[in-house]
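Going by our numbering, the sequence shown opens with residue 2, and the numbers climb by one from there.
From the three backbone atoms N, C-alpha and C, an ideal C-beta is built for every residue, glycine too.
In what follows, a single structure is set out as structure tokens and then discussed.
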Amino acid sequence: MRPLIAGNWKMHGSMAEAAALAGAVREGAAGLPAELLVCPTFLHVASVASLLAGSAVAVGGQDCHAAAKGAHTGDVSAPMLRDAGASHVILGHSERRTDHAETDAAVRAKAEAAAAAGLVPVVCVGETEAERLAGQAEAVVARQLAESLPDGFAGTGAPAGAAGIIAYEPVWAIGTGRTPTEADIGALHGFIRERLAARFGAAGQGMRILYGGSMKPGNAKAILALPNVDGGLVGGASLVAADFLAIARAAG
Ligand code: PEP
């Protein structure tokens, strides 16, 4: 499976900064051993998508509403993201789950809406530090997978479409500079693969599982070489084009 390196730009950047970052990623994107995806703020999706049109770099949103349209002040729908040039959308990021009290059921509804609009959902799962210390990491991730993923997530059911993507992001590793041990990452990714295969069969074997949480040029090679790690979801390091591209090179 060709790895995917996805950049989550979070709430960063002016119009000019987003354009400069997109341009630098575009310039370095040729010949990399990974596919690239960048996810700017809603405000920047259309301009970044237009700058990256015809390049090897895909564009995604960081969230979407579960409804296609309607009276939802401040929200953006999946068809709107598609119309603006996005092909993917991150859903259920821990910052959304915490800051906006998003439940697994809400994430599932959003993933259904994304697939119906022709977007590939990138659904985030991962345990808090307290949950890991209590030995509950697998149980938490199992619940999130069971309840956040719609039945059509593998692209084999309704709504039909491309397979969704999982991002395993231990909450305590996001933006902290801390990462699980390679053994722990490998174990969790193997566990996620088993759950996907049990639910989606052969399609689950072929679904990408990204690792996210303080991935940097210095640790990317070792993490990306682990079995069942099919790429990365990168926050802080994706804001520096040279670092983001170095992580993508480490996937080879
Ligand atoms: C993220 O927020 O998805 C993330 C992985 O952030 P960071 O790389 O900064 O830990």
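Contact set for Ser88: own chain, Cβ-Cβ below 7 Å, skip 5 residues either direction: Sequence index remark: in the sequence shown, residue 88 carries index 87 (1-based). The answer, listed in chain order, is Ala59, Val60, Gly61, Leu120 and Val121.
Cβ neighbours of Ala47 in the same chain (closer than 7 Å, five flanking residues each side left out): As a first step, residue 47 must be located in the sequence shown, where it is residue number 46. The answer, listed in chain order, is Ala85 and Gly86.
Rounded C-alpha distance that separates Glu195 from Gly202: In the sequence shown, counting from the first residue as 1, residue 195 sits at position 194. In the sequence shown, counting from the first residue as 1, residue 202 sits at position 201. A straight-line Cα-Cα distance of about 10 Å links Glu195 and Gly202.
Cα-Cα separation between Ser149 and Val124, rounded to whole angstroms: As a first step, residue 149 must be located in the sequence shown, where it is residue number 148. As a first step, residue 124 must be located in the sequence shown, where it is residue number 123. Cα to Cα, Ser149 sits roughly 8 Å from Val124.
Local conformation of Ile248 per DSSP, three classes: Here residue 248 corresponds to residue number 247 of the sequence shown, with the count starting at 1. Three-state DSSP puts Ile248 in a helix.
Residue range of the beta strand (DSSP E) that includes Pro171: Residue mapping note: residue 171 aligns to position 170 of the sequence shown, counting from 1. No beta strand (DSSP E) contains Pro171, which DSSP labels as neither H nor E.
For Ile6: DSSP bridge partner residues: Walking along the sequence shown from the start, residue 6 turns up at place 5. Partner residues in the beta bridge of Ile6, as assigned by DSSP, are Leu37 and Gly233.
First and last residue of the uninterrupted alpha helix (DSSP H) at Ala59: Within the sequence shown, the letter at position 58 stands for residue 59. Taken as a continuous stretch (DSSP letters only), Ala59 belongs to no alpha helix (DSSP H), being part of the beta strand (DSSP E) at Val58 to Gly62.
Ala72 Cβ short of 7 Å to the ligand PEP heavy atom set: As a first step, residue 72 must be located in the sequence shown, where it is residue number 71. No, since every heavy atom of the ligand PEP falls outside the 7 Å radius drawn around the Cβ of Ala72.
Complete runs of the alpha helix (DSSP H) confined to the segment 60 to 98 [at least 4 residues]: Listed in chain order, they are 79 to 84.
CB contact flag (Ala138, Leu82, <8 Å): Taking the first residue of the sequence shown as position 1, residue 138 is located at position 137. Taking the first residue of the sequence shown as position 1, residue 82 is located at position 81. No, Cβ-Cβ distance for Ala138 and Leu82 is not below 8 Å.
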